[in-house]
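Here the structure is laid out as structure tokens; the discussion comes afterwards.
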Amino acid sequence: MKKAQEEMIGFALIIIVVAVIILVFIGFSLKSPQKEAVESYEINSFIQSFLQQTSDCRDNLEYLSIQKLIFDCNDGEICLDGRNTCEVLDSTLRGITEESWKIEESPIKGYNLEIISNGVETLVIEKGNITSNFKGSSQDFSKGGGLTEIFFKTYY
Amino acid sequence: MQIMVKKAQIKIQQMAFVLIAVTLFFVLVGMFILTIKFSGLKESATELEEKNAILLVTKLANSPEFSCGESYGASRINCVDSDKIISLKEDIYSGFWGVEGIEIRKIYPKESTKICNLGNYNDCNVIKIGTNEISGNYISSFVSLCKKELREGENYDKCEIAKLMVSYKTK
Numbered sequence: 000m001k002k003a004q005e006e007m008i009g010f011a012l013i014i015i016v017v018a019v020i021i022l023v024f025i026g027f028s029l030k031s032p033q034k035e036a037v038e039s040y041e042i043n044s045f046i047q048s049f050l051q052q053t054s055d056c057r058d059n060l061e062y063l064s065i066q067k068l069i070f071d072c073n074d075g076e077i078c079l080d081g082r083n084t085c086e087v088l089d090s091t092l093r094g095i096t097e098e099s100w101k102i103e104e105s106p107i108k109g110y111n112l113e114i115i116s117n118g119v120e121t122l123v124i125e126k127g128n129i130t131s132n133f134k135g136s137s138q139d140f141s142k143g144g145g146l147t148e149i150f151f152k153t154y155y
Numbered sequence: 000m001q002i003m004v005k006k007a008q009i010k011i012q013q014m015a016f017v018l019i020a021v022t023l024f025f026v027l028v029g030m031f032i033l034t035i036k037f038s039g040l041k042e043s044a045t046e047l048e049e050k051n052a053i054l055l056v057t058k059l060a061n062s063p064e065f066s067c068g069e070s071y072g073a074s075r076i077n078c079v080d081s082d083k084i085i086s087l088k089e090d091i092y093s094g095f096w097g098v099e100g101i102e103i104r105k106i107y108p109k110e111s112t113k114i115c116n117l118g119n120y121n122d123c124n125v126i127k128i129g130t131n132e133i134s135g136n137y138i139s140s141f142v143s144l145c146k147k148e149l150r151e152g153e154n155y156d157k158c159e160i161a162k163l164m165v166s167y168k169t170k
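The listed protein sequences correspond, in order, to chains Y and Z.
In terms of numbering that gives the first Met the number 0, the first sequence opens at residue 0 and continues consecutively.
In terms of numbering that gives the first Met the number 0, the second sequence opens at residue 0 and continues consecutively.
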């Protein structure tokens with residue numbers, strides 16, 4: 000009688016252990032991956048796209064893209080209408096980032112855009128809160144031996 | 000001898016009960032898992048549509064129908080030819096990409112929404128491909144929307160940052 004009772008307890012224990020293992024397994028398999036606030040491809044495409052933006056600053060040949068405006072700003076050039084290329088770069092990029100990453104309407108809490116040319120900060124645009132969760136991307140390009148690096152981070 | 004036979008019979012009975020109980024237990028667990036899996040089928044279908052939209056949005060700008068190619072100087076990535084896609088508004092392309100709708104919306108400088116057609120092409124900021132509206136479920140990516148423009152009697156390449164939005168169906 001006692002042996003039968005022991006066997007029943009043993010069987011019940013096995014059932015409980017197996018049930019717990021199965022529940023843990025189901026819990027893991029049903030856990031759907033959380034959607035990210037911002038995806039890496041969005042940040043990469045943002046940098047690539049704003050570099051191609053045509054500004055309203057023109058030189059003797061053409062209306063300058065943001066990429067060319069960065070080079071001209073580094074060289075201290077001015078637009079044909081007399082404006083400083085660095086000022087045009089700053090105002091255009093501020094407008095683009097503000098319209099592209101709306102902090103008030105999205106899970107994004109802040110962003111930071113840095114342009115560094117030959118180790119010197121050409122432009123820094125920062126808005127919102129800097130949190131510990133961020134996603135970022137960078138892009139390098141060079142002209143005449145000088146290296147320009149662009150870093151963009153979004154905080155969520 | 001009789002006692003031995005009886006004991007053996009009890010043991011066999013015991014084993015049979017254990018086997019039945021184990022089988023029943025696994026059948027119940029299996030049914031439980033199947034019920035949960037099937038109840039999530041609609042969510043899985045929506046997730047698949049979403050994944051498809053993500054894949055599409057990352058490659059669409061560089062597809063032959065959208066890309067600038069070498070029309071604006073050197074080959075550019077993430078560049079959408081506005082002059083090319085305005086013709087994609089035709090109904091023959093609806094359903095071509097297997098998504099609900101595709102929209103390209105200029106984001107800078109900010110202007111009120113004006114949907115493009117062949118009549119207002121130079122003064123609009125939203126190009127819609129397909130007839131469906133972009134609903135709450137969409138995936139977006141940034142692109143450079145380029146076109147040839149005339150200013151002060153001179154042709155030049157104008158590129159503006161825009162959002163490429165792909166909307167997908169929810170099941």
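Just so it is clear, CB atoms sit at the ideal spot from N, CA and C, and this is done for glycine as well.
As the structure is a computational prediction, the values presented were derived from the model and not from experiment.
Endpoints, the beta strand (DSSP E) within which residue i is located
i	result
Y/LYS134	133–142
Y/TYR110	109–116
Z/GLU102	100–105
Z/LEU33	Segment 1–38 is the alpha helix (DSSP H) holding Z/LEU33; no beta strand (DSSP E) there.
Y/ILE149	145–154
Y/GLU125	119–127
Cβ-Cβ distance between residue i and residue j below 8 Å
i	j	result
Z/ASN160	Y/ILE95	One detail in the question is off: residue 160 of chain Z reads as Ile in this sequence, not Asn. Yes, the Cβ-Cβ distance between Z/ILE160 and Y/ILE95 is below 8 Å.
Z/LYS113	Z/CYS123	yes
Y/ILE149	Y/VAL37	no
Y/ASN73	Y/GLY135	no
Y/ASN111	Y/LYS152	yes
Y/ILE69	Y/ILE114	yes
Z/ILE85	Z/TYR120	yes
Y/SER99	Z/ILE128	no
Z/ASP156	Y/THR53	yes
Z/GLY68	Z/SER74	yes
Y/PHE10	Z/VAL4	no
Y/ILE25	Z/ILE32	yes
Y/TYR154	Y/GLY109	yes
Residue i: first and last residue of the uninterrupted alpha helix (DSSP H) it sits in
i	result
Y/GLY94	84–99
Neighbouring residues, chain A, relative to residue i (Cβ below 8 Å)
i	result
Z/PHE141	Absence of chain A from the displayed structure is noted, the protein chains being Y and Z.
Report the residue ranges of all beta strand (DSSP E) runs contained in full by the region 47–93 of chain Z; include only those spanning at least 3 residues, in chain order.
As summarised for the region 47–93 of chain Z, the continuous beta strand (DSSP E) elements at least 3 residues long and confined to that stretch are 78–80, given in chain order.
Contact between the region 135–154 of chain Z and the region 11–31 of chain Z: three or more CB pairs below 8 Å?
Under the three-pair Cβ rule at 8 Å, the region 135–154 of chain Z does not count as touching the region 11–31 of chain Z.
Contact between the region 126–137 of chain Y and the region 142–154 of chain Z is defined here as three or more beta-carbon pairs at a separation below 8 Å; is this criterion met?
Segments in contact, no.
If you pair each beta-carbon of the region 94–112 of chain Z with each one of the region 161–168 of chain Z, do three or more pairs fall below 8 Å?
When Cβ pairs closer than 8 Å are counted between the two stretches, the region 94–112 of chain Z is seen to touch the region 161–168 of chain Z, the count reaching three or more.
In chain order, what are the residue ranges of uninterrupted alpha helix (DSSP H) at least 4 long that sit wholly in the region 118–158 of chain Z?
Counting only runs of at least 4 residues, the region 118–158 of chain Z fully encloses no alpha helix (DSSP H) element at all.
Three or more beta-carbon pairs under 8 Å between the region 77–86 of chain Z and the region 41–56 of chain Y, yes or no?
Two segments are said to touch when three or more pairs of C-beta atoms, one from each, lie closer than 8 Å; by this definition the region 77–86 of chain Z touches the region 41–56 of chain Y.
Are three or more beta carbon pairs between the region 83–92 of chain Y and the region 64–73 of chain Y nearer than 8 Å?
Output reads yes: the region 64–73 of chain Y touches the region 83–92 of chain Y.
Segment contact flag, the region 38–47 of chain Z with the region 56–69 of chain Z, C-beta cutoff 8 Å, min 3 pairs:
Output reads no: the region 56–69 of chain Z does not touch the region 38–47 of chain Z.
Can you list the beta strand (DSSP E) stretches of 3 or more residues lying completely in the region 33–64 of chain Y, in chain order?
If only complete runs of 3 or more residues are kept, the region 33–64 of chain Y shows the beta strand (DSSP E) at 53–57, 62–64, in order along the chain.
Can you give me, in chain order, the residues of the region 76–110 of chain Y that have a beta carbon less than 7 Å from any beta carbon in chain Z?
Listed in sequence order: GLY94, ILE95, GLU98, SER99.
Contact set between the region 20–53 of chain Y and chain Z, restricted to residues whose Cβ is under 7 Å from the partner:
Listed in sequence order: ILE21, ILE25, LEU29, TYR40, GLU41, SER44, PHE45, GLN47, SER48, PHE49, GLN51, GLN52, THR53.
Within 7 Å of chain Y by C-beta, residues of the region 57–77 of chain Z in sequence order
The region 57–77 of chain Z vs chain Y, Cβ under 7 Å: THR57, ARG75, ILE76, ASN77.
At a CB distance below 8 Å, what residues from the region 96–115 of chain Z approach chain Y? Give them in sequence order.
Residues passing the 8 Å Cβ filter: ILE106, TYR107, PRO108, LYS109.
Got a sec: which bits of the region 52–70 of chain Y sit with their beta carbon under 8 Å from any beta carbon on chain Z, in order along the chain?
Listed in sequence order: GLN52, THR53, GLU61, TYR62, SER64.
Between the region 6–32 of chain Z and chain Y, which residues of the former have a C-beta closer than 7 Å to a C-beta of the latter?
Within the region 6–32 of chain Z, the residues whose Cβ lies closer than 7 Å to any Cβ of chain Y are, in chain order, VAL17, PHE24, VAL28, ILE32.
Near-chain Z residues of the region 1–22 of chain Y - C-beta to any C-beta below 7 Å
Per Cβ criterion, the list reads PHE10, ILE14, ILE21.
Along the region 151–169 of chain Z, where does the CB come closer than 9 Å to a CB of chain Y? Name the residues.
Look at the region 151–169 of chain Z: the residues with a C-beta under 9 Å from a C-beta of chain Y are TYR155, ASP156, LYS157, CYS158, GLU159, ILE160, ALA161, LYS162, LEU163.
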